[in-house]
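Numbering (my numbering), first residue to last: 55 to 447. So the structure is just underneath, and the comments pick up after that.
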Ligand code: ADP
């Protein structure tokens, strides 16, 4: 670890994912994760840029974020000349309406971010725990916050509004949108693949365990399927996506479920897992011949198609469609089904290119397709490293 290295951290409730970039934030050196925090046995796995394993460690007990960070920094120190890191970039799930771009972390920014915890109670406390641990353990190193909401702050006011009275909106209850770092990376990659896309109307679908879509006009977000929370929009691995808010009231009042049970249902027992009753993992559903697995996939495809029409309307047209995230990058069948349903928009898939898009950014539509279709491998980490470098100046 030389003094010009940038560490990128993505901390969740049970894991710390990290990437280490070389100077210029262009070269990925190492990537890894510490998993099973708080439940144990905690495992620490590191790969090099070619995905070869370079380190593995485990603890029988459950480590917390601070202990995980200690292990990570000790590992990085042991591999280096001991000169230290240049900066740490953190993925922070929520920047509220305060932050429309990355920011250097200090005590006053941390205090502001703590006021946003009610907006993302399942994620933000874990993000901030990692920030505090990193600030304590690497006191001289600049720490930068990169927000998943920031990219969407450019949306028109209408796109950010709910039809609720102002005293409710004033309490922060509005549409924020998430996966912004992924969409920002897509927006930066497309013009490199095709310069004509710099000013284009693009809909991108980030389809991983969490799934969302974003409409971008000339690289700026104009609409997103996730709103106040990351449970809105598309059906996901275990999250339901958009449901009529009346359903939540019915669950509480008529079915007598308590708030914790409703939260558990909407976030952890719905989506692909809930509908199929089999798995949240798309690979398992695609391999299954169960009608419920089929229904779960069909529902995801149908809702992507509905959202695509809505986003084309928000954009007033459509030039390109992008697939990203674990499902978007790997599921040939899901891409084919979405593009089949989007023929009315002028989408014409190249079946051969779709079956084997190769690595990196790839066009998978025919040359004649009115709307070009792309696969862009997600790379939020690189986006965070670039932002961190920018803040370093
Ligand atoms: P996360 O949102 O946690 O980062 P990923 O982006 O890794 O998740 O996406 C995980 C999803 O990608 C899972 O549903 C997984 O089944 C799916 N996936 C990964 N590889 C394939 C594949 N070859 N075919 C279909 N789905 C895949």
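A virtual CB, placed ideally from N, CA and C, is assigned to each residue, including glycine. If you're wondering where the values come from, they're calculated on a predicted model, not measured in any experiment.
Q | Those runs of the beta strand (DSSP E) which lie wholly inside the segment 332–403 and span at least 3 residues | A | Taking only runs of at least 3 residues, the beta strand (DSSP E) segments lying wholly in the segment 332–403 are 374–378.
**Q.** For residue 258, the first and last residue of its enclosing beta strand (DSSP E)
**A.** Residues 255–261.
Q.
Counting C-beta neighbours from all protein chains within 10 Å, is the total for residue 197 16 or more, i.e. buried, or is it exposed?
A. Burial check for residue 197: the Cβ neighbour count within 10 Å reaches 16 or more, so the residue is buried.
Q: Mind checking which residues open and close the beta strand (DSSP E) that includes residue 429?
A: DSSP places residue 429 inside the beta strand (DSSP E), whose first and last residues are 426–429.
Q: Classify residue 77 as helix, strand or coil using the three-state DSSP reduction.
A: DSSP places residue 77 in the helix class (H, G or I) of the three-state scheme.
Q. When the Cα atoms are used, what is the spatial distance from residue 359 to residue 178?
A. Those two C-alpha atoms are separated by around 31 angstroms.
(Q) I need the residues with a C-beta less than 6 angstroms from some heavy atom of ligand 1; please give them in chain order. (A) Every residue passing the under-6 angstroms Cβ criterion appears here: 262, 263, 264, 291, 335, 336, 337, 340, 379, 380, 381, 384 and 385.
Q.
Just to confirm the assignment, what range does the beta strand (DSSP E) spanning residue 455 have?
A. Examination of residue 455 is not possible in this model, given that the chain is present from 55 through 447 alone.
Q: Quick one: residues in its chain with C-beta nearer than 8 angstroms to the C-beta of residue 116, no 5 flanking neighbours on either side, listed in chain order?
A: Cβ within range, chain order: 90, 91, 92, 93, 94, 95 and 96.
**Q.** Member of 272, 211, 109 and 385 whose CA lies at the smallest distance from the CA of residue 240
**A.** Comparing Cα positions, the closest option is 272.
Q) Secondary structure at residue 135, three-state DSSP: helix, strand or coil? A) Summary for residue 135: the model assigns pLDDT 47, below 50, so the residue's position carries little reliability; its value from the coordinates is reported in the next sentence. Secondary structure of residue 135 (DSSP, three-state): coil.
Q) Which residue from 386, 300, 129 and 279 puts its Cα closest to that of residue 74? A) Closest by alpha carbon: 129.
Q) For residue 324, does the count of other Cβ atoms within 10 angstroms reach 16, so buried, or fall short, so exposed? A) Answer is buried; the Cβ neighbour count reaches 16.
(Q) Please report the distance separating the alpha-carbon of residue 335 from that of residue 296. (A) Approximately 20 angstroms, taken between the alpha carbons.
Q: Starting from residue 70, follow its DSSP beta bridges and name the residues at the other end.
A: Paired residue(s): 65 and 88.
Q: State the beta-bridge partners of residue 144 as determined by DSSP.
A: Looking at the DSSP assignment, residue 144 forms a beta bridge with 63 and 199.
Q: Would you list the residues sitting across from residue 270 in a DSSP beta bridge?
A: Paired residues: 256 and 275.
Q. Taking the beta strand (DSSP E) that residue 308 falls in, what are its first and last residues?
A. Looking at the DSSP string, residue 308 is not in any beta strand (DSSP E), and its letter there is neither H nor E.
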